[in-house]
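> The numbering used here puts the first residue of the sequence shown at 10, with every later residue one more than the last. Cβ coordinates follow ideal geometry from the N, Cα and C atoms, glycine included.
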Amino acid sequence: MTTPEAESFAELIADCADIPRALRDGGPALPGQREPAPWEVDETTFAQVNGLEEYV
Numbered sequence: 010m011t012t013p014e015a016e017s018f019a020e021l022i023a024d025c026a027d028i029p030r031a032l033r034d035g036g037p038a039l040p041g042q043r044e045p046a047p048w049e050v051d052e053t054t055f056a057q058v059n060g061l062e063e064y065v
């Protein structure tokens, strides 16, 4: 079964109005973004790329 495409905004809004309120209201809000943890390149990692002039 396929759903026909809406041919106008009015038809699209009418289609959306048919969706039950429980589904339209959504669930709980997503948590906010966290601050990323700081990072540093250690000597071992730096040694792996030291002297390479281009990324391979």
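(1) Can you give the Cα-Cα distance for GLN57 and TRP48, rounded to whole angstroms?
(2) If you check the beta carbons only, do ASP24 and ALA31 fall under 8 Å apart?
(3) If you reduce the DSSP assignment to three classes, tell me which class ILE28 lands in.
In short:
(1) 17 Å
(2) no
(3) coil
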